[in-house]
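Protein chains: 2
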Amino acid sequence: MKFDDKVPIYYQIKQYIYQEILINHFQPGTKIPPVRQLAIDLTVNVNTIQRALSELIDEEILISKRGKGNFVTTDLQILNQLKENIVEEKLEIMYTQLKNLQISSDEMVQYLSDYIKKREENDHE
Amino acid sequence: MKFDDKVPIYYQIKQYIYQEILINHFQPGTKIPPVRQLAIDLTVNVNTIQRALSELIDEEILISKRGKGNFVTTDLQILNQLKENIVEEKLEIMYTQLKNLQISSDEMVQYLSDYIKKREENDHE
DNA sequence: TATAGTGTAATAGTTAACTAGTACAATAGG
DNA sequence: CCTATTGTACTAGTTAACTATTACACTATA
Numbered sequence: 001m002k003f004d005d006k007v008p009i010y011y012q013i014k015q016y017i018y019q020e021i022l023i024n025h026f027q028p029g030t031k032i033p034p035v036r037q038l039a040i041d042l043t044v045n046v047n048t049i050q051r052a053l054s055e056l057i058d059e060e061i062l063i064s065k066r067g068k069g070n071f072v073t074t075d076l077q078i079l080n081q082l083k084e085n086i087v088e089e090k091l092e093i094m095y096t097q098l099k100n101l102q103i104s105s106d107e108m109v110q111y112l113s114d115y116i117k118k119r120e121e122n123d124h125e
Numbered sequence: 126m127k128f129d130d131k132v133p134i135y136y137q138i139k140q141y142i143y144q145e146i147l148i149n150h151f152q153p154g155t156k157i158p159p160v161r162q163l164a165i166d167l168t169v170n171v172n173t174i175q176r177a178l179s180e181l182i183d184e185e186i187l188i189s190k191r192g193k194g195n196f197v198t199t200d201l202q203i204l205n206q207l208k209e210n211i212v213e214e215k216l217e218i219m220y221t222q223l224k225n226l227q228i229s230s231d232e233m234v235q236y237l238s239d240y241i242k243k244r245e246e247n248d249h250e
């Protein structure tokens, strides 16, 4: 996995696991891969995996069962809230950054539409 | 100035200066504040300012004149390109992240519109 | 010419993130 | 009961980012 060297790896792993859960690659109630396997898959140290997981456990996104594995919560309320928070966070970051460049809301929507159009034209090649 | 502790400070300063230039707080051809003053204003060390500035100088956004100060380029071509690049970069980051959550382009535009609407309702209070 | 203001360089020390390695605790299965 | 698998904890060492400090080079001006 490729990481952005401007952001801590453990934090990017945390985001990655959020993503895998929210798109149901890791399903509610099921076991996620063992820490040692994740370390291999993501080519990082076990400690770095553990740091990401321990935060997810604190957040009750994951439930740790010693000797068994780490399991995705079955609390759909938590997961729905998580998705909402993440989407809103991403929107807020972009909104704030473009506002700082004195780009209006209307321009922002237009820029996004244009960007998507451009992307999708290229993706169809 | 408040910094995101997940991203290097020098990098955030660099982004800040981009912004100040693009919204004409620092105008083409004019001198930006001395490094020692910037260090005070942003409450960081001079070395950290210098690190950000040296990258901007490499990019020819700024021109350094020893003993005089650092000056914003007068090359509007470079500045226009810079703005385009930054806007596109911000759009791309959000697009990619929301796509990773299996959010469609149409949903994305809708989410942004909703978010803006919500923001502006609150901002008017 | 002396001094203040400017950019630049270099050293030393601190901290957070990461890696490597080892060990330990709990569980499952033969 | 033994062994493999799993999560967890701990120590040690490296590196990048940051701070603090000093020094130096160039410019303007009194």
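Chains as they are written, first to last, in my numbering: chain C, 1 to 125; chain X, 126 to 250.
A virtual CB, placed ideally from N, CA and C, is assigned to each residue, including glycine.
Spatial distance of residue i from residue j (CA atoms)
i                 : j                 : result
Thr221 of chain X : Arg119 of chain C : 11 Å
Lys242 of chain X : Val132 of chain X : 29 Å
Lys14 of chain C  : Leu53 of chain C  : 7 Å
Pro159 of chain X : Ile203 of chain X : 23 Å
Leu226 of chain X : Val46 of chain C  : 26 Å
Met126 of chain X : Glu214 of chain X : 23 Å
Lys208 of chain X : Leu147 of chain X : 7 Å
Asp231 of chain X : Glu121 of chain C : 15 Å
Asp129 of chain X : Val169 of chain X : 14 Å
Ile88 of chain X  : Leu167 of chain X : The question about residue 88 of chain X has no answer, for chain X in this structure spans 126 to 250.
Gln162 of chain X : Ser238 of chain X : 40 Å
Glu217 of chain X : Asp123 of chain C : 14 Å
Val212 of chain X : Met233 of chain X : 17 Å
Arg51 of chain C  : Tyr141 of chain X : 31 Å
His150 of chain X : Glu250 of chain X : 28 Å
Lys224 of chain X : Glu59 of chain C  : 24 Å
Ile137 of chain X : Leu62 of chain C  : The identity of residue 137 of chain X in the sequence shown is Gln, whereas the question assumes Ile. If I take the Cα positions, the gap works out to 32 Å.
Glu180 of chain X : Ile103 of chain C : 25 Å
Asp75 of chain C  : Ile134 of chain X : 38 Å
Asn80 of chain C  : Tyr236 of chain X : 16 Å
Asn70 of chain C  : Tyr18 of chain C  : 14 Å
Asn210 of chain X : Ile165 of chain X : 30 Å
For residue i: DSSP bridge partner residues
i                 : result
Gly69 of chain C  : C:Lys65
Lys156 of chain X : X:Phe196
8 Å Cβ cutoff, residue i in contact with chain X
i                 : result
Ser54 of chain C  : no
Met94 of chain C  : yes
Arg51 of chain C  : no
Arg119 of chain C : yes
Val72 of chain C  : no
Asn100 of chain C : yes
Glu23 of chain C  : Note that residue 23 of chain C is Ile in the sequence shown here, rather than Glu. Output row for Ile23 of chain C: interface = yes.
Lys14 of chain C  : no
C-beta neighbour in chain C for residue i, strict 8 Å
i                 : result
Val171 of chain X : no
Pro133 of chain X : yes
Ile241 of chain X : yes
Val212 of chain X : yes
Val160 of chain X : no
Lys215 of chain X : yes
Gln206 of chain X : no
Gln144 of chain X : yes
Along the chain, which unbroken stretches of the beta strand (DSSP E) at least 3 residues long are found entirely within the segment 38-120 of chain C?
62-65, 69-72
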